[in-house]
Amino acid sequence: MRHGCWLIGLSLALVACADQVGDEDLDDEAWLDGKGDGASGSNIAATHLDVDLAGMRAVATIELERNGNVALEIGDLEIQDVTDDRGHRKFRIVDGKLLVSRVRGPLVVGYAFRQHDNADGLLPGGSTVTWPYFCGNVFPCHAQPADGTRFSLALSGVAGDKTALYPAEIAAEAPPYQLAWAVGAYAKLELGETTAGTKVAAYYLPRGKTAATTGTRHLRAVFDWYEQTLGAYSFGREVASVSVVWGEGLFGGMEHHPMWHVAVDAMSDEVTHAHEAAHGWFGDGVRIRCWEDFVLSEGTTSYLAARALSVVAGREADVWAEYRAELDAAIAEGGAPAWPRGCNQIDILEDKLFTNLPYMQGAFFYRDVAAVVGVDVLDAVIGRFYVAHRNRAAGMQDMIDAIKADTGFDPTPIAEARLRRKF
Ligand SMILES: [Zn+2]
């Protein structure tokens, strides 16, 4: 009995002693030298950005999922100061990553950023694009879409004749490329409220009113259809399509919910608005687990945009005819299979996964499935899938499994023919 007590006393003393050593030994030098296992760093829980556009400087306050070592992608940011609960911290930059060890409490990073010309950061047109993995050119981040983060953003230094459009807060976990801002001489088009009470709007640039009015004439109804068919929207009570100047040859949009961007040349195109809005449910609402699951984001949203426009605008025949032409062109051009095997082994840009194949083969995959199980039945499967995986990461295999479990129909042969095949 006495002996046992003595042992307990000794081990407590050792623990206390180890704790003290830990305090004095502030840094993990092996981690700072880039010799640590990069994957063992803490994930990000929340990212708070305070951006001064006039000075091109910012402060990022990053809440980690746990205290410990951290490796953040920083692109070409110029890091000026790093602090945590223990004050100024030693940091190193190795292979484009900011390494800080034994972080305690939120990590606060002061930095300068630069303008970018290749759709990989803050663009000359006044908006940001960081998809797929360029968040590090705007703020310290993990570019993997599976690592969701909440966001808050404050912008200062905006020129007096312009408006800055951005969400002050994204309160549900979002992929790193979801956050963006747009600065321009904007005017607002109110589009009304959905049944669930979400306010829908569009923001257009000078001389853009006609195109914006044409492109968003069914957007409120489209958004309403998504909410009613798929489930509650995650990213706030006010949403909008925002016209942006991306530059020559760049068409389409980007899923910066709740204020997604649409290139100025695509503002009159209803499909683009409906597609970007659908990312509130897939791509943003349900994140992709691996880059190889890109089709779960783009194929699903392409299908949902066609479904919504078919229901609310009677545009089934012409949207699918347009998709058919896009599919034929994508097959002729070739690229990676729409759904490559593996997880984060592919470089989505270098390995040509970013073609129209995941978009169009994905849309036709769902259309083929709907032809067997019924369009309304498939809508319900996609809705249940969204609710089950909302604000978390999922893969395309999960969707195939859900279709099989819910309907009894195994869509694997369709997936093999459309999504696994290389053209
Ligand atoms: Zn998309």
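When we follow this note's numbering, the leftmost residue of the sequence shown carries the number -8, and every step to the right adds one. We treat Cβ as the ideally placed atom computed from N, Cα and C, and that holds for glycine.
Give me whichever residues DSSP pairs with residue i in a beta bridge.
| i | result |
| --- | --- |
| E229 | K190 |
| H39 | T52, S143 |
| T292 | Paired residue(s): none; T292 is not in a bridge. |
| C480 | The chain is shown only over -8 to 414; residue 480 falls outside these bounds and no answer can be derived. |
| T154 | G175 |
| A165 | T140 |
| E20 | According to DSSP, which records beta bridges pairwise, E20 is partnered with nothing at all. |
| T119 | L113 |
| Y195 | A178 |
| E160 | S143 |
| G183 | V191 |
Here's a check: name, in chain order, each residue in its chain whose Cβ is nearer than 6 Å to the Cβ of residue i, leaving out the five neighbours to either side.
| i | result |
| --- | --- |
| K179 | A192, Y194 |
| G386 | R280, D284 |
| L295 | A269 |
| G32 | N60, V61, A62 |
| R48 | A103 |
| D43 | S147, G148 |
| F142 | T38, I161, L170 |
| F414 | I322, G325 |
| A265 | V213, A296, A299, L300 |
| R83 | L23, L90 |
| F273 | S288, T291, T292 |
| K343 | G326, A327 |
| V100 | A51, V73, P131 |
Note down, in chain order, each residue of its chain lying with its Cβ closer than 8 Å to the Cβ of residue i, except the 5 sequence neighbours on either side.
| i | result |
| --- | --- |
| Y314 | S293, A297, M351, A354, F355 |
| V360 | L369, I394, F400, P402, I405 |
| T201 | S259 |
| D19 | G27, N60, S92, R93 |
| A176 | D152, K153, T154, L196, P197 |
| G244 | S232, W251, H252, V253, A254, A257, T263, H264, H266, E267 |
| A379 | A393 |
| N335 | Q135, C281, W282, E283 |
| A145 | L40, D41, V42, A159 |
Leaving aside the five residues before and after residue i along the sequence, list all residues of the same chain whose C-beta is less than 7 Å from its C-beta, in chain order.
| i | result |
| --- | --- |
| D256 | F242 |
| R412 | P328 |
| R95 | N58, D75, D76, R77 |
| P115 | Q106, D108 |
| T140 | I35, A36, A37, T38, E164, A165, P167 |
| T398 | V364, V368, V372 |
| G227 | P158, P249 |
Given that a residue counts as buried once 16 or more other Cβ atoms are within 10 Å of its Cβ, and exposed if not, what is residue i?
| i | result |
| --- | --- |
| Q135 | buried |
| L318 | buried |
| V12 | Annotation note: pLDDT 40 at V12 (below 50); position unreliable, coordinate value reported separately. So V12 ends up on the exposed side. |
| Q169 | buried |
| T207 | buried |
| T186 | exposed |
| V129 | buried |
| S288 | buried |
| D28 | exposed |
| G305 | exposed |
| L221 | buried |
| P131 | buried |
| T189 | buried |
| L348 | buried |
| V363 | exposed |
| A203 | buried |
| A215 | According to the sequence as given, residue 215 is Asp; it is not Ala. So D215 counts as buried. |
| R332 | exposed |
| T111 | The question names Thr, but residue 111 in the sequence shown is Asp. Counting Cβ neighbours within 10 Å, D111 comes out buried, since at least 16 surround it. |
| L441 | The question about residue 441 has no answer here: the residues shown for the chain are numbered -8 through 414. |
| G151 | exposed |
| V253 | buried |
| R358 | buried |
| H79 | exposed |
| A137 | buried |
| E261 | buried |
| D275 | buried |
With a threshold of 6 Å (Cβ to nearest heavy atom), would residue i be considered close to ligand 3?
| i | result |
| --- | --- |
| T398 | Questions concerning ligand 3 fall outside what the structure shown contains, since the ligands it does hold are ligand 1. |
Problem - beta strand (DSSP E) runs wholly inside the stretch 305 to 385, at least 3 long, in chain order - result: None, since the stretch 305 to 385 contains no complete beta strand (DSSP E) of that length.
Problem - beta strand (DSSP E) segments (min. 3 residues) lying fully within the stretch 60 to 108 - result: Counting only runs that start and end inside the stretch 60 to 108, the beta strand (DSSP E) elements of at least 3 residues fall at 69 to 75, 83 to 85, 88 to 94, 98 to 103.
Practice task
Please go through the stretch 222 to 283 and give each complete beta strand (DSSP E) segment of 3 or more residues, from N-terminal end onward.
Solution key: For the stretch 222 to 283, whole beta strand (DSSP E) runs of length 3 or above, ordered along the chain, are 229 to 235, 250 to 254.
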